[in-house]
Amino acid sequence: MFKIKRLLGNKVVEGSFVDLNKKNIFVWLDIINPNDLDLHKVSNLTQIVVSDLKDYLDYNRRPTFFQLKDYSVVVISVPILENEKISTSTLIALLSKKTNDFITIHRQNLNSIDKINSYTNEKLTQCFKKGPVYLLYRIMDEIFSEYFSYLDNISDELNNVEAKIFSKDADKGVLNKIFKIKKILIYFYKSLLANRDVVYSIENEFGTLLKKEDLIEFRRLYSDLNELTDLSSTYREIISSNLESYMSHVSNNLNITMKKLSAWGALILVPTLIAGLYGMNFKFMPALVW
Numbered sequence: 325m326f327k328i329k330r331l332l333g334n335k336v337v338e339g340s341f342v343d344l345n346k347k348n349i350f351v352w353l354d355i356i357n358p359n360d361l362d363l364h365k366v367s368n369l370t371q372i373v374v375s376d377l378k379d380y381l382d383y384n385r386r387p388t389f390f391q392l393k394d395y396s397v398v399v400i401s402v403p404i405l406e407n408e409k410i411s412t413s414t415l416i417a418l419l420s421k422k423t424n425d426f427i428t429i430h431r432q433n434l435n436s437i438d439k440i441n442s443y444t445n446e447k448l449t450q451c452f453k454k455g456p457v458y459l460l461y462r463i464m465d466e467i468f469s470e471y472f473s474y475l476d477n478i479s480d481e482l483n484n485v486e487a488k489i490f491s492k493d494a495d496k497g498v499l500n501k502i503f504k505i506k507k508i509l510i511y512f513y514k515s516l517l518a519n520r521d522v523v524y525s526i527e528n529e530f531g532t533l534l535k536k537e538d539l540i541e542f543r544r545l546y547s548d549l550n551e552l553t554d555l556s557s558t559y560r561e562i563i564s565s566n567l568e569s570y571m572s573h574v575s576n577n578l579n580i581t582m583k584k585l586s587a588w589g590a591l592i593l594v595p596t597l598i599a600g601l602y603g604m605n606f607k608f609m610p611a612l613v614w
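For the working numbering, add 324 to where a residue sits in the sequence shown, where the first one is 1.
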């Protein structure tokens with residue numbers, strides 16, 4: 325699905341394909357869940373082969389930033405919630421070097437893109453007037469805000485897990501929850517490290533093209549990513565400690581159960597021994613006849 329917006333005077337309006345590849349017109353082309361026909365249209369527009377576009381959209385694609393002849397390519401890892409599972413997906417941003425075209429491609433509806441589209445026309449116009457690089461910054465800022473939101477939720481889940489570990493009703497559900505959170509944090513940590521490298525590369529590449537206040541915003545993004553990386557690393561250590569605590573708790577409960585069984589076994593041993601002796605086929609046995 326295509327969504328095209330363009331800057332017309334002092335407002336942002338709906339655009340069309342004929343607006344693309346024209347100088348002095350800022351056009352944002354957003355493509356959601358593209359099929360082969362959509363990718364061929366983008367390929368004809370950007371001269372990037374379809375196979376490369378598919379490779380950029382791959383779920384396992386590492387976030388990166390690189391230059392082509394006519395476009396700067398930014399690949400960003402984005403957190404998504406799909407079927408009640410948190411994972412990461414890929415967003416491609418293509419910035420034209422010859423025109424003001426800005427193209428974003430992604431396979432799922434992204435909250436970060438939806439938030440940009442929900443801006444008031446006045447606020448969106450201000451973003452458009454500052455150019456494609458600034459709009460890229462706004463999108464990345466919304467993406468990293470999502471990471472903060474997800475990590476806040478994970479923090480709450482960690483507190484719940486810690487409370488359940490030492491409760492009497494701790495079961496395998498706690499263990500499954502621990503592994504689920506650990507998996508999410510591993511994905512986040514790898515994605516955030518790569519996203520941080522992307523922001524650093526963008527800052528170096530476009531630093532001379534940005535105003536001082538806009539350059540400061542990209543540096544703030546880099547600081548945010550440092551904080552996110554530290555948070556995810558800290559939470560990974562916490563969840564690993566929780567896993568160790570859970571296993572220790574299970575081991576302690578097993579020891580307590582074994583002690584109880586041993587105590588009952590000791591109590592049953594004496595009458596069992598007596599019954600066993602008197603059940604033997606001996607002719608002479610003390611107290612055999614009363």
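For glycine and all other residues, C-beta sits at the position ideal for the given N, C-alpha and C.
Computed from a prediction, not measured in an experiment: that's the story for all the values here.
Confirm, please, whether the CB-CB distance from residue 445 to residue 329 is below 8 Å. Locating residue 329 in the sequence shown gives position 5, where the first residue counts as 1. Locating residue 445 in the sequence shown gives position 121, where the first residue counts as 1. Cβ distance not < 8 Å, so residue 329 and residue 445 don't count as in contact.
Rounded straight-line distance, which links the Cα of residue 586 to that of residue 548: By 1-based counting over the sequence shown, the position of residue 548 is 224. By 1-based counting over the sequence shown, the position of residue 586 is 262. Answer to the nearest angstrom: the Cα atoms are 56 Å apart.
Backbone secondary structure at residue 524 - three-state DSSP: The residue labelled residue 524 in the question sits at position 200 within the sequence shown. Residue 524 falls in the helix class under three-state DSSP.
Backbone CA spacing between residue 422 and residue 397 [nearest angstrom]: The sequence position of residue 422 within the sequence shown is 98, counting from 1. The sequence position of residue 397 within the sequence shown is 73, counting from 1. Their Cα atoms are separated by approximately 14 Å.
Helix, strand or coil for residue 344 per DSSP? In the sequence shown, counting from the first residue as 1, residue 344 sits at position 20. In the structure shown, residue 344 sits in coil (DSSP, three-state: anything other than H, G, I, E or B).
Enumerate in chain order the residues of its own chain whose CB-to-CB distance from residue 561 is below 6 Å, with the five nearest sequence positions on each side excluded. Against the sequence shown, residue 561 aligns to sequence position 237. Same-chain partners within the cutoff: there are none.
Closest by CA to residue 432, which one among 508, 401, 518? Position 108 of the sequence shown, counted from the first residue, corresponds to residue 432. Here the closest residue by C-alpha is 401.
Residues that residue 406 bridges to, as DSSP identifies them: Your numbering for residue 406 matches position 82 in the sequence shown. BP columns for residue 406 point to 409.
Let me check one thing: in DSSP terms, what residues is residue 338 bridge-paired to? By 1-based counting over the sequence shown, the position of residue 338 is 14. Answer is 329.
Cα-Cα separation, residue 481 to residue 552: For the purposes of this step, residue 481 is identified with residue 157 of the sequence shown, where counting begins at 1. For the purposes of this step, residue 552 is identified with residue 228 of the sequence shown, where counting begins at 1. When rounded, the distance between both Cα atoms is 17 Å.
With H, G and I counted as helix, E and B as strand and the rest as coil, what does DSSP make of residue 465? By one-based count along the sequence shown, residue 465 stands at place 141. In the structure shown, residue 465 sits in a helix (DSSP, three-state: H, G or I).
Option in 395, 555, 486, 529 with minimal Cα separation from residue 474: Working through the sequence shown from its first residue, we reach residue 474 at position 150. Checked all of 395, 555, 486, 529; the closest Cα to residue 474 is 555.
With 16 other CB atoms within 10 Å as the buried threshold, where does residue 564 fall? If you number the sequence shown from 1, residue 564 lands on position 240. Classification for residue 564: exposed.
With a threshold of 8 Å, are at least 3 pairs of Cβ atoms found where one atom belongs to the region 371-390 and the other to the region 447-454? no
Express the C-alpha separation of residue 360 and residue 342 in angstroms, rounding to a whole number. Counted from its first residue, the sequence shown places residue 342 at position 18. Counted from its first residue, the sequence shown places residue 360 at position 36. Each residue's alpha carbon lies about 21 Å from the other.
If you measure between the beta carbons of residue 567 and residue 502, is that distance less than 8 Å? The residue labelled residue 567 in the question sits at position 243 within the sequence shown. The residue labelled residue 502 in the question sits at position 178 within the sequence shown. It is a contact, given that the beta carbons lie within the stated cut-off.
Please say whether residue 326 and residue 355 have beta carbons closer to each other than 8 Å? Within the sequence shown, numbered from 1, the residue matching residue 355 stands at position 31. Within the sequence shown, numbered from 1, the residue matching residue 326 stands at position 2. Going by C-beta atoms, residue 355 is nearer than 8 Å to residue 326.
Within 8 Å, strictly: CB atoms of residue 471 and residue 405: The residue given as residue 471 occupies position 147 in the sequence shown. The residue given as residue 405 occupies position 81 in the sequence shown. Not in contact: residue 471 and residue 405 (Cβ atoms no closer than 8 Å).
Tell me the DSSP secondary structure of residue 394 in three-state form. Your numbering for residue 394 matches position 70 in the sequence shown. In the structure shown, residue 394 sits in coil (DSSP, three-state: anything other than H, G, I, E or B).
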